[in-house]
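Participant: Below is one structure. I have some questions about it.
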Amino acid sequence: DVKVTQSSRYLVKRTGEKVFLECVQDMDHENMFWYRQDPGLGLRLIYFSYDVKMKEKGDIPEGYSVSREKKERFSLILESASTNQTSMYLCASIAQGALNYGYTFGSGTRLTVV
Amino acid sequence: AQSVAQPEDQVNVAEGNPLTVKCTYSVSGNPYLFWYVQYPNRGLQFLLKYITGDNLVKGSYGFEAEFNKSQTSFHLKKPSALVSDSALYFCAVRDGGNTPLVFGKGTRLSVIA
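Chains A and B, in that order, give the protein sequences.
Sequential numbering of the first sequence, starting at 4, is according to our numbering.
Sequential numbering of the second sequence, starting at 2, is according to our numbering.
Below is the structure:
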């Protein structure tokens with residue numbers, strides 16, 4: 004089975020800190036995604052990437068950036084964490100040739116910014 | 002632009018009764034529709050999808066969904082609910098090509114023994 008691993012399940016960071024959320028997948032998938040999940044708002048797309056070094060803005064990219072230096076790793080960066088970025092962050096991946104199938108999601112990182 | 006609406010925040014059903022979780026969508030082209038389930042403190046798990054073909058699609062854990070093009074709906078159903086089905090359910094859609102999935106706001110299903 005494809006595995007998508009998010010390095011931290013829970014994180015607590017201070018306002019203004021630079022925060023890195025890491026996501027690694029083990030099946031050579033080209034496409035990777037970062038969503039945030041908030042109660043009553045569902046999942047909202049932050050950034051996605053179709054391949055190494057490529058990135059595209061999603062619906063809510065403000066305050067975030069991403070890095071995809073290796074195919075298996077897609078990092079989400081909070082340049083200066085703020086309390087309104089307290090959320091559950093979900094990473095997902097899918098192969099380019101398997102777009103008719105469902106994404107594989109990681110278990111999520113629950114980030115609290117204090 | 003594509004969008005998904007899940008009109009119910011919460012659905013309550015007695016164990017053994019049929020359940021329906023509603024979803025309507027909007028896309029410019031042909032829809033690719035998905036249902037996911039999320040258990041507490043976990044990521045999303047794929048349940049089923051509609052890409053083309055029969056309007057009734059079957060998925061994991063006894064769930065099925067009916068695609069209705071005229072009503073732009075893709076409701077999730079199960080003939081007999083289990084307490085273990087209690088979870089958060091998300092509908093998602095994309096159009097053709099390589100566009101990312103757009104998710105609804107989620108519906109919390111509570112199955113009462």
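Beta carbons are placed, not taken as given, at the ideal position from N, Cα and C, and that holds for glycine.
The stretch 22-42 of chain B: which residues have C-beta closer than 8 Å to a C-beta of chain A, in chain order?
Facilitator: Within the stretch 22-42 of chain B, the residues whose Cβ lies closer than 8 Å to some Cβ of chain A are Y33, F35, Y37 and N42, listed in chain order.
Participant: According to DSSP, what are the bridge partners of S2 (chain A)?
Facilitator: Lying outside 4 to 117, the shown extent of chain A, residue 2 (chain A) is not represented and no answer is given.
Participant: V15 (chain A) to N103 (chain A), Cα distance in whole Å?
Facilitator: Straight-line Cα distance between these residues: approximately 36 Å.
Participant: Of all the residues that make up the stretch 33-67 of chain A, which are near chain B by a beta-carbon distance shorter than 9 Å?
Facilitator: Of all residues in the stretch 33-67 of chain A, N34, F36, Y38, Q40, P42, G43, L44, G45, L46, R47, L48, F51, Y53, E59, G61 and D62 have a Cβ within less than 9 Å of some Cβ in chain B.
Participant: What does the Cβ neighbour count give for M35 (chain A), buried or exposed, with the cut at 16 atoms within 10 Å?
Facilitator: Counting Cβ neighbours within 10 Å, M35 (chain A) comes out buried, since at least 16 surround it.
Participant: Taking only beta-carbon positions, decide if P101 (chain B) is within less than 8 Å of chain A.
Facilitator: Cβ-Cβ to chain A under 8 Å: yes for P101 (chain B).
Participant: Would you mind giving the Cβ-Cβ distance between P19 (chain B) and K79 (chain B), rounded to the nearest angstrom? I have them listed as a contact below 8 Å.
Facilitator: That pair is a contact at about 7 Å.
Participant: If the criterion is Cβ atoms closer than 8 Å, does the pair N31 (chain B) and G97 (chain B) meet it?
Facilitator: Yes; because the gap between Cβ atoms is below 8 Å, this pair is in contact.
Participant: Within a Cβ cutoff of 8 Å, which residues of the same chain sit near N99 (chain B), ignoring the five residues on either side of it in sequence?
Facilitator: Hits under 8 Å: none found.
Participant: Take the Cβ of F51 (chain A) as the centre, count every other Cβ of all protein chains shown within 10 Å, and call the residue buried at 16 or more, exposed below.
Facilitator: Buried, because 16 or more other Cβ atoms sit within 10 Å of the Cβ of F51 (chain A).
Participant: Whole-angstrom Cβ separation of L89 (chain B) and R109 (chain B), contact assumed at under 8 Å?
Facilitator: L89 (chain B) to R109 (chain B), Cβ: 5 Å. Contact.
Participant: Nearest by alpha-carbon distance to G19 (chain A): which of A:F77, A:G66 and A:R76 is it?
Facilitator: For G19 (chain A), the nearest C-alpha among the options comes from A:G66.
Participant: Beta carbons nearer than 9 Å to chain A: which residues of the stretch 60-76 of chain B have them?
Facilitator: Correct list: empty, as no residue qualifies.
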